[in-house]
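What follows is one structure encoded as structure tokens, with my remarks underneath.
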Ligand code: G3P
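Numbering (the working numbering), first residue to last: 75 to 288.
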């Protein structure tokens, strides 16, 4: 399973990259807005830090606007993956730009039938938002399970990128289901390494080591 960081904060991205486990980055308009910086400037800086896929989301809502933005972002760096919303216009734009060889991440996916359409449109990645589904008393991981099953059945090459990850259990479940990628906030990436028994065990080892004759 690949790990992406879901952030546009350069300091956070550098910290995650220093762990040596980072395969890519996903951003969205809300995450970019939090940085208070111009989008393209942030995007290029991220591409210099992480040599892997970096998702950049379009703002247009029509096919033509989305395609124009997709071409512009894709021309900035070979690692840029254009993020398009799962709307009828977004699917049309996905089809157009994927035929041109532009990598795409179809976002705001909340159901398996939506994911089926994204795969048929030629998406490189599909992003089911598990946390936001859980927030409305749905089961985000059920949707991921359905998508993985459908993609396997029809051998779609579209990769399942589990998004809106809120805690380590989302990552565990995604891995058990065979999802290709989990994109996580820095907090969750750090939580993955944490266990109280590891901390307590290390403390005890270091304490006992003091008894070893020097
Ligand atoms: O990048 C899309 C997704 O990961 C957003 O997550 O926590 O805002 O639902 P969240």
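All residues carry an ideal CB built from backbone N, CA and C; glycine is no exception. Small disclaimer: the values here were computed from a predicted structure and weren't measured.
| Check | Outcome |
| --- | --- |
| Counted within 10 angstroms of its Cβ, other Cβ atoms place residue 144 as buried (16 or more) or exposed | buried |
| Residue 98 (DSSP reduced to helix, strand or coil) | strand |
| C-alpha gap between residue 160 and residue 267, whole angstroms | 33 Å |
| Environment of ligand 2 in chain order, Cβ to heavy atom below 6 Å | In the structure shown, ligand 2 is absent; the only ligands present are ligand 1. |
| Delimiting residues of the alpha helix (DSSP H) encompassing residue 146 | 137-150 |
| Contiguous beta strand (DSSP E) assignments of at least 3 residues, all confined to the stretch 232-278 | 233-236, 255-258 |
| Unbroken alpha helix (DSSP H) run spanning residue 185, endpoints | Premise fails: residue 185 is in no alpha helix (DSSP H) and is neither H nor E. |
| Residue burial classification, residue 92 (beta-carbon count within 10 angstroms, cutoff 16) | exposed |
| Inter-residue spacing [alpha-carbon to alpha-carbon] between residue 108 and residue 285 | 50 Å |
| Continuous beta strand (DSSP E) stretch holding residue 159: start and end | 154-159 |
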